[in-house]
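Position in the sequence shown (from 1) plus 1 gives the number in the numbering used here.
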Amino acid sequence: MFLGQYERSLDDKGRLAIPVELRAGLGPRAVLTRSFDNCLAMYPADKWNALAHSVEDLPQVRTEVRALARSLFGGAVPCEFDRQGRVTIPAFLREHASLTTDAMVVGVNSRVEIWAKEAFLQEQQRFEDDGSEFAAVLTVS
């Protein structure tokens, strides 16, 4: 389980240090891809494989399913951590998430999200402003 949020900075080579608390659960074969909400998502291999199977099980005759698969898989790269626990984020993924220097690395249960810091703070503010709307999602009938 991935928990917590961490402020980090990208260096001029697009490298981002992933906190050791999160890195340990990602393992050596993690995958980084585009995610919703203009952020990136990093999955451990087992969660990535489960997600891949669920997407492949969707009806491929639907245009939106093919578009989702194209974005998810076409935007995915394997993660390789260097000795300092950094991962290099390719330019096309940095562009997708509007990542420049300041970033937030966020544990979201089964995945790790990487956000541009300002975008993450705006999303958090939206949650605080509309908390009752989000609470309705948790209501069990």
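For glycine and all other residues, C-beta sits at the position ideal for the given N, C-alpha and C.
Unbroken beta strand (DSSP E) run spanning Arg84, endpoints: The sequence position of residue 84 within the sequence shown is 83, counting from 1. Run containing Arg84: none; DSSP gives neither H nor E here.
Through-space distance from Leu100 to Lys14, alpha-carbon basis: Counting from 1 along the sequence shown, the entry for residue 14 is found at position 13. Counting from 1 along the sequence shown, the entry for residue 100 is found at position 99. The straight-line gap from Cα to Cα measures roughly 12 Å.
Go ahead and label Phe93 buried or exposed: buried means 16 or more other beta carbons lie within 10 angstroms of its beta carbon, across all protein chains shown. Here residue 93 refers to the residue found at position 92 when the sequence shown is read from its first residue. It is exposed - the Cβ of Phe93 has fewer than 16 other Cβ atoms within 10 Å.
Identify every run of the alpha helix (DSSP H) within the stretch 49-77, keeping only runs that are complete inside it and at least 4 residues long; order them along the chain. 64-75
Can you give the Cα-Cα distance for Ala104 and Arg67, rounded to whole angstroms? To locate residue 104, count along the sequence shown from 1; it is residue 103. To locate residue 67, count along the sequence shown from 1; it is residue 66. Rounded to the nearest angstrom, the two C-alpha atoms are 30 Å apart.
Assuming Asn39 and Ala77 are in contact, meaning their beta carbons sit under 8 Å apart, how far apart are those beta carbons, in whole angstroms? Position 38 of the sequence shown, counted from the first residue, corresponds to residue 39. Position 76 of the sequence shown, counted from the first residue, corresponds to residue 77. Rounded, the Cβ-Cβ distance is 17 Å, inconsistent with contact.
Could you compute how far the alpha carbon of Leu27 sits from the alpha carbon of Val62? The residue given as residue 27 occupies position 26 in the sequence shown. The residue given as residue 62 occupies position 61 in the sequence shown. Using only the alpha carbons, I get a separation of about 33 Å.
Cutting at 7 Å between CB atoms, please list the residues of its own chain near Arg24, excluding the five before and the five after it. One-based indexing of the sequence shown puts residue 24 at position 23. So the qualifying residues of the chain are Phe82 and Gly86.
Can you tell me which of Leu41, His54 and Val88 puts its alpha carbon nearest to the alpha carbon of Pro29? Counted from its first residue, the sequence shown places residue 29 at position 28. Of the listed residues, the one whose Cα sits closest to Pro29 is Val88.
Could you have a look at Leu27 and say whether DSSP puts it in helix, strand or coil? Here residue 27 refers to the residue found at position 26 when the sequence shown is read from its first residue. Three-state DSSP puts Leu27 in a helix.
Are the CB atoms of Glu114 and Leu41 within a distance shorter than 8 Å? In the sequence shown, the residue the question calls residue 41 occupies position 40. In the sequence shown, the residue the question calls residue 114 occupies position 113. Yes.
With burial defined as no fewer than 16 other Cβ atoms inside 10 Å of the residue's Cβ, what is the status of Leu33: buried or exposed? Numbered from 1 along the sequence shown, position 32 holds the residue referred to as residue 33. So Leu33 counts as buried.
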